[in-house]
Amino acid sequence: MPRPETQLSIASLPAWAFLNEISFVDVQVRSRGRKGYGLVCDRKLTTQQDTFDLPTLITVPRGLVLNASSVEDYAKEDRNFRQLVDAAGKKSSRADVLLFLLVQTALASAKGGPSPAGISTPWTGYLQFLSWNLSVPARWDEDDRKLLAGTSLESAVEAKLRALADEFECIREAASTLPAWEHLLGPAGSAALHDWIALDALYWSRCLDLPKSGVSMVPCIDMVNHARRPSAYYEENGKNEAMLLLAPGVDMQEDDEVTISYGADKSAAEMLFVYGFIDCEDGSTTAPAPASRAVFPIAPLPDDPLGRAKTAAFGTAPSVTVHRAGPTAAEWTAEWTSPFAHLMCVNEEDGLGFRVRQNTDGTRQLRVFWRDEDVTDRAADFEGLTRHLPDLRAVLRLRVVTVVQELCRTQLARMRALGTGPGVGPGDGDGGPGEYAWRLRCAESRLLDMAVETMEREKSELLTDERVLAYLRSGGGAEADAVAQKDEDEDEDEDDFS
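1 is the number of the first residue of the sequence shown in UniProt numbering; add one for each residue after it.
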């Protein structure tokens with residue numbers, strides 16, 4: 001494993017920070033028990049009164065901020081790394097940063113044997129302070145990942161692992177012609193796929209979206225923990241230095257922990273996927289609140305002859321997004337969106353068509369037609385294309401609602417089939433795959449339950465539309481079962497009043 005073999009004591013961090021011109025003012029990093037490290041106050045700090053200049057707690061020089069730009073600067077100094085980036089990098093800013101981290105961890109873990117390629121930087125030392133025990137779902141074992149069945153993370157985690165495996169294989173193949181990197185990335189090299197997965201988790205869990213520099217890793221500031229009501233925020237000054245500032249209206253006592261927000265609008269799934277924990281809205285460890293949002297993949301109907309063409313024309317991964325809506329956490333309902341569901345529910349008899357056009361350069365392009373009009377650029381807006389068609393609007397809406405409701409019911413059934421067991425269920429807040437998977441299932445199942453109820457009410461309303469009834473009674477579509485059930489219910493009601 002090309003990670004630092006020696007974990008440096010956090011007590012040595014002030015010395016490292018001093019040598020690299022990072023300033024701490026009235027705060028220090030300490031162990032926070034189960035939470036790992038955190039930033040705490042050395043004395044009372046307040047911004048309760050009108051304060052023009054908010055206290056700066058940490059200042060990090062621009063040269064220590066790690067992003068694509070700083071990786072490019074490093075490549076200018078290190079000829080071997082330049083060759084590695086040219087051969088295996090430049091696919092994304094994230095991948096280039098991960099290559100840099102891979103080299104720095106190899107340097108930090110070097111003990112005897114051949115000296116790894118690369119030039120040491122302050123990050124070589126800083127990586128030895130960090131915890132590598134990141135319990136994000138992509139690093140769970142296979143049995144733990146099975147606990148995500150039915151949740152929005154089930155497919156997301158599997159897709160991420162496939163993407164990381166493909167990415168790492170491409171890097172190893174590209175580096176195979178570079179002798180300097182044989183020891184690290186060669187067939188018998190010290191770097192393995194699980195290392196790449198760990199670096200990806202480290203990167204995403206510590207990234208900050210700086211106002212000027214964009215997505216970056218910032219040493220020391222990245223040790224500040226998350227809170228729903230944070231006491232600090234990060235910023236950049238005129239020198240492009242990264243700063244941690246005390247938030248307005250804050251009153252901190254000595255030994256209080258300084259916190260930031262990792263994103264107030266992140267869903268439970270996003271928090272678990274990126275950071276390895278779920279932020280409890282009400283602080284409860286036993287009754288998770290409904291998820292704020294959940295995204296599930298959706299596929300064309302298996303018997304649809306145009307299914308592959310619809311997926312290709314849509315262009316992006318088809319999905320259904322279910323989200324919570326309402327004035328308060330106590331008064332809410334579930335809403336959903338799925339542009340692909342509207343495309344998958346229109347058929348050739350409705351007016352949908354596909355044609356392949358030959359371009360002047362010899363390439364071929366799939367074009368989408370709706371009632372003889374080329375709508376390729378609006379393939380993701382069939383809801384809008386059909387909104388003003390009285391002959392189809394209600395019928396199509398029923399099809400879409402039926403499909404999405406069935407998807408939600410399927411996900412619910414798969415989540416509930418897991419139940420609870422040893423290590424799976426509410427814990428003491430310590431966290432772990434079993435507890436967090438259970439919390440995610442509870443949160444998302446509450447959201448989906450409400451979505452199913454909401455869609456059932458909408459279906460009942462649609463089944464009063466004469467055009468829908470005429471369509472269903474003519475045998476047009478699988479939704480006929482719904483109207484048949486409705487007729488049975490109406491007959492029972494008539495019997496009750498006779």
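Ideal Cβ placement from N, Cα and C applies to all residues, glycine included. All of these numbers come straight from a predicted model, not from anything done at the bench.
Could you spell out where the alpha helix (DSSP H) holding residue i opens and where it closes?
i, result
"residue 22", "Here residue 22 belongs to no alpha helix (DSSP H), and DSSP marks it neither H nor E."
"residue 48", "Where residue 48 is concerned, there is no enclosing alpha helix (DSSP H), given that its DSSP letter is neither H nor E."
"residue 260", "Here residue 260 belongs to no alpha helix (DSSP H); instead the beta strand (DSSP E) covers 257-260."
"residue 433", "433-462"
"residue 277", "Where residue 277 is concerned, there is no enclosing alpha helix (DSSP H), given that its DSSP letter is neither H nor E."
"residue 170", "152-175"
"residue 85", "79-88"
"residue 307", "307-314"
"residue 468", "466-473"
"residue 148", "No alpha helix (DSSP H) contains residue 148, which DSSP labels as neither H nor E."
"residue 418", "It is not in any alpha helix (DSSP H) - residue 418 carries neither H nor E in the DSSP assignment."
"residue 134", "Run containing residue 134: none; DSSP gives neither H nor E here."
"residue 178", "Looking at the DSSP string, residue 178 is not in any alpha helix (DSSP H), and its letter there is neither H nor E."
Can you tell me whether DSSP reads residue i as helix, strand or coil?
i, result
"residue 384", "helix"
"residue 126", "helix"
"residue 7", "coil"
"residue 360", "coil"
"residue 294", "strand"
"residue 121", "coil"
"residue 492", "Only weak support exists for where residue 492 lies, its pLDDT of 47 falling under 50; the value from the coordinates is given anyway. Reduced to three states, the DSSP call for residue 492 is helix."
"residue 94", "helix"
"residue 377", "helix"
"residue 289", "coil"
"residue 408", "helix"
"residue 109", "helix"
"residue 73", "helix"
"residue 14", "helix"
"residue 140", "coil"
"residue 264", "coil"
"residue 330", "coil"
For residue i, collect the residues of the same chain with a Cβ closer than 7 Å to its Cβ; drop the 5 residues on either side in sequence, then sort them by chain order.
i, result
"residue 138", "157, 160, 161, 197, 201"
"residue 296", "152, 319, 320, 407, 411"
"residue 282", "For residue 282, the pLDDT reaches just 47, beneath the cut-off of 50, and the residue's location in the model is therefore unreliable, leaving the point undetermined."
"residue 387", "393"
Opposite residue i in the DSSP bridges: which residues?
i, result
"residue 116", "For residue 116, which the question treats as bridged, DSSP gives no partner whatsoever."
"residue 252", "45"
"residue 234", "244"
"residue 225", "259"
"residue 391", "DSSP, once it has assigned bridges, lists no residue as partnering residue 391."
"residue 29", "39"
"residue 365", "357"
"residue 370", "352, 373"
"residue 66", "217"
For the beta strand (DSSP E) containing residue i, list its first residue and its last residue.
i, result
"residue 321", "319-325"
"residue 34", "No beta strand (DSSP E) contains residue 34, which DSSP labels as neither H nor E."
"residue 336", "333-337"
"residue 214", "214-217"
"residue 209", "207-210"
"residue 57", "56-60"
On the CB-based measure, 16 or more other CB atoms within 10 Å of its CB, does residue i come out buried or exposed?
i, result
"residue 220", "buried"
"residue 360", "exposed"
"residue 497", "Confidence in residue 497 is poor, its pLDDT being 32 and thus under 50, which makes the residue's placement too unreliable to answer from."
"residue 67", "buried"
"residue 222", "buried"
"residue 325", "exposed"
"residue 49", "exposed"
"residue 362", "exposed"
"residue 213", "buried"
"residue 333", "exposed"
"residue 231", "buried"
"residue 366", "exposed"
"residue 396", "buried"
"residue 308", "exposed"
"residue 241", "buried"
"residue 279", "buried"
"residue 145", "buried"
Less than 6 Å between C-beta atoms, sequence neighbours within five positions excluded: which residues of the same chain meet that for residue i?
i, result
"residue 123", "104"
"residue 339", "380"
"residue 342", "382, 383, 400"
"residue 46", "251"
Ordered along the chain, which non-local residues of its own chain (more than five positions away) have a Cβ less than 8 Å from that of residue i?
i, result
"residue 12", "129"
"residue 76", "82"
"residue 134", "198, 201, 202, 205, 276"
"residue 42", "26, 27, 28, 254"
"residue 364", "356, 357, 358"
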